[in-house]
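Below is one structure, written out as structure tokens, with a few remarks after it.
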């Protein structure tokens, strides 16, 4: 069964909430400037929530066989890389 677009969006938003807290905290630890840290966290989330949603939808619409091949790819030059 495929996930709905709404579920994918909600999943992306809940993860971004966690990620914005982490990014903002790290930004604050490095700058000790709360306003700047919050700005970094918000900007990061705006860009990444849409990138994640598109990535999720691409994987959901990809045929299962192709997804398995993509997931199994290893870096080039690895002795264990399967041949086509």
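In the numbering used here, the protein residues as written are 76 to 159.
Note that CB positions come from ideal geometry on N, CA and C, so glycine has one too.
DSSP three-state call for residue i: helix, strand or coil?
i           : result
residue 131 : helix
residue 140 : helix
May I ask whether a heavy atom of the ligand MG can be found less than 7 Å away from the beta carbon of residue i?
i           : result
residue 134 : The ligand MG is absent from the structure shown, which contains no ligand whatsoever.
Starting from residue i, trace the alpha helix (DSSP H) in both directions and tell me its first and last residue.
i          : result
residue 89 : 80-106
Determine the burial state of residue i: buried for a count of at least 16 other Cβ atoms within 10 Å of its Cβ, exposed for fewer.
i           : result
residue 91  : buried
residue 87  : buried
residue 145 : exposed
residue 115 : buried
residue 98  : buried
residue 112 : buried
residue 83  : buried
Would you mind giving the Cβ-Cβ distance between residue i and residue j, rounded to the nearest angstrom? I have them listed as a contact below 8 Å.
i           : j          : result
residue 120 : residue 95 : 5 Å
residue 124 : residue 78 : Between residue 78 and residue 124 the Cβ distance is about 16 Å, and since that is not below 8 Å, they are no contact.
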